[in-house]
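Chains as they are written, first to last, in the numbering used here: chain R, 363 to 557; chain C, 349 to 617. All C-beta atoms, glycine included, are put in the ideal place defined by N, C-alpha and C. Data block below; observations after.
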Amino acid sequence: MFLAAFSPSNNPEVSPDATLLHRLLQKDVNAFEQLYDRHSHLVYSLVLRILRQASTAEEVVQDVFLQLWRNASRYDAARGPVLPWLLTLARNRALDHLRLKGERQRRREDQTEELPQVAIAAPNYEKAIDEKRRAEQVRQLMTSLNPHQKKAIELAYFEGLSHSEIAEKLSEPLGTVKSWIRNGLLRLKEGLQAT
Amino acid sequence: MSNADQFRELIEAYALGTLDAQERAALETHLATGCAECATALQEARWLTSQLAYLAPTEQPSDMLRGRLLQAVRADQSNARQPANTSTSIPVPYWLWAAVAALLILTTYSAWDSRRLQREIQATNQRASDEIAKRHALEQELTVAKLQAHEALILSDPASIKISLPCKNPAMPKLEAVWHPTMGIVVTGWKIPMPSNHRVFQLWLIPKTPGGKPMPSEMAWPNAEGKLVFMVANPPDVPGGTQALAVTEEPAGGSSQPTSTPIWVSASK
């Protein structure tokens, strides 16, 4: 149960986000304000990178945070920490905008008008570190990949392209693209485990 | 390779959304079987994928976005509270019911009293109109009485001079004038028919002065009994300056000069 999982009185190691979410369930505007201040810059950076247009990016970010406010009661602790969930929702919404803009319709996982029923679990190796340090880690690890791997993953993540579309765009065999992406993500995972 | 291992290789690509339709459908079918290993792997893959957001160049949203969001959230909050307040059943105190009842009684009484006052005002207005009509009638009677008294004084005073006004038409009765030097002239006729076409009889004083124009005087209609009376309270001249009296038929309202041949004319003096 969400409330039990995030109750600050029962768990001394509870995260700041969990405390804020607990208050958000009570419709505490100050808690919402703090959650926004903690995560809006990363959510906005991601959406802007996908859409490359500030005004549309702000619309998407507004939509994402309003969903958080209005449907927080439907949020389940089993779906994992808030930030990855916010980033997943924001990415899906931004890619939906991008597809509508390009008139490309392709079914995506977890498309929904409400909170996505997406369970996200932080792995055991996840350490609570500040966002700046995490950003440095991820960028460093991605730089260590070969440029093809990095390019293929970026096309997938920021442009929402499928294996086939990436293969066509890069003029590479489909199998090669699949390997690049899978191996690249595994390298990233290993790198985060090691740090 | 087990069935789970085969799908396990697709998990990261599925979380990233790069699988083509056929692979995606196959993996979703497998996940629907309840494979716990793949489900856990997928949850962790989603977390891993979300970390790619850190590759985006760091940007800050505008303060306006923050303002808009907080405004929307506060509006949501107040809207959510309003129905709760309205749905709460608040008992109405007895004194409030009594006040409402008193207000209803007062309103009903006010409406009734207002209608009563309106009726009284209408009755008062009607009485005032009746009184004014009566006063006008009395004033007219008084005027007639004064004229009749004046006429009687003229007719009975020895200083008065009688003047006959014969009609050229022998079938018509003559008029008779009585002229008092200071009190005025009374011209009377009996069985006089009503002038035709809404015209009026007009009395003229014809001066002795050579070339003098007839002086217009009173206008009159015969009454129901055919009595015709001209009462000139203030004659413009003494009888000595007047050569004759004449009566013509004139348009309603009278004329400044005769427009028809005189019906009655007194003998020249």
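task: Name, please, each residue of chain R whose Cβ falls closer than 9 Å to the Cβ of Leu364(C).
output: Chain R residues near Leu364(C): Ile515, Ala518, Tyr519, Ile543, Leu547.
Length of the line joining the Cα atoms of Thr609(C) and Met563(C): When the Cα atoms are used, Thr609(C) and Met563(C) turn out to be separated by approximately 15 Å.
- prompt: For Ser407(R), which residues in chain C fall below 8 Å Cβ to Cβ?
  reply: Ala401, Ala404, Pro405, Thr406, Glu407, listed in chain order.
message: Alpha carbons only, please: which of Arg422(C), Leu396(C), Tyr402(C) is nearest the one belonging to Ile412(R)?
response: Considering only alpha carbons, the answer is Tyr402(C).
query: Which of the three DSSP states, helix, strand or coil, is assigned to Trp447(R)?
result: If DSSP states are grouped into helix, strand and coil, Trp447(R) belongs with the helices.
field: Sequence-distant residues of its chain with Cβ nearer than 7 Å to His528(C) (five each side left out)
entry: Cβ neighbours of His528(C) beyond the five flanking positions: Ile502, Asp505, Ala507, Ser508.
query: By DSSP, does Trp538(C) sit in helix, in strand, or in coil?
result: Looking at Trp538(C) - three-state DSSP - the assignment turns out to be coil, as it is neither helix nor strand.
Given Pro558(C) as reference, the closest of Gln591(C), Tyr362(C), Ile359(C) once Cα atoms are compared: Here the closest residue by C-alpha is Gln591(C).
task: Determine which residues of the segment 489-507 of chain R have a Cβ less than 7 Å from any Cβ of chain C, and write them out in chain order.
output: Among the residues of the segment 489-507 of chain R, those with a Cβ less than 7 Å away from any Cβ of chain C are Arg496, Ala497, Val500, Arg501, Met504, in the order of the chain.
query: Does the Cβ of Arg495(R) have 16 or more other Cβ atoms within 10 Å, making it buried, or fewer, making it exposed?
result: The residue is exposed, with fewer than 16 neighbouring Cβ atoms inside 10 Å.
query: Where do the N-terminal and C-terminal ends of the alpha helix (DSSP H) with Leu495(C) fall, by residue?
result: Element bounds for Leu495(C): 442-504.
field: CB contact check: His403(R) to chain C, cutoff 9 Å
entry: Closer than 9 Å: yes.
query: Comparing alpha-carbon positions, which option in Gly589(C), Gly537(C), Ala493(C), Thr596(C) lies nearest Asn571(C)?
result: Ranking Gly589(C), Gly537(C), Ala493(C), Thr596(C) by Cα distance to Asn571(C) puts Gly537(C) first.
field: Unbroken alpha helix (DSSP H) run spanning Ala369(C), endpoints
entry: DSSP places Ala369(C) in the uninterrupted alpha helix (DSSP H) bounded by 369-380.
field: Identity of the residues DSSP links to Trp395(C) by a beta bridge
entry: Bridge partners of Trp395(C) according to DSSP: none are assigned.
Spatial neighbours of Pro514(C) in its chain, beta-carbon cut-off 6 Å, leaving aside the 5 residues before and after: Spatial neighbours of Pro514(C) in its own chain (CB-CB distance under 6 Å, excluding positions within 5 residues in sequence) are listed in chain order as Lys522.
field: CB contact check: Glu357(C) to chain R, cutoff 9 Å
entry: It does: the Cβ of Glu357(C) has a partner Cβ on chain R nearer than 9 Å.
- prompt: What is the residue span of the alpha helix (DSSP H) that Ile515(R) lies within?
  reply: Annotation for Ile515(R): the continuous alpha helix (DSSP H) segment containing it runs 509-521.
- prompt: When the Cα atoms are used, what is the spatial distance from Glu471(R) to Asn454(R)?
  reply: In this prediction, Glu471(R) has a pLDDT of 47, which is less than 50 and means its spatial position is unreliable; nothing more can be read from the coordinates.
message: Strictly below 8 Å CB to CB, what residues from chain C border Gly522(R)?
response: Ordered by position in chain C, the residues that pass the 8 Å Cβ test against Gly522(R) are Gly365.
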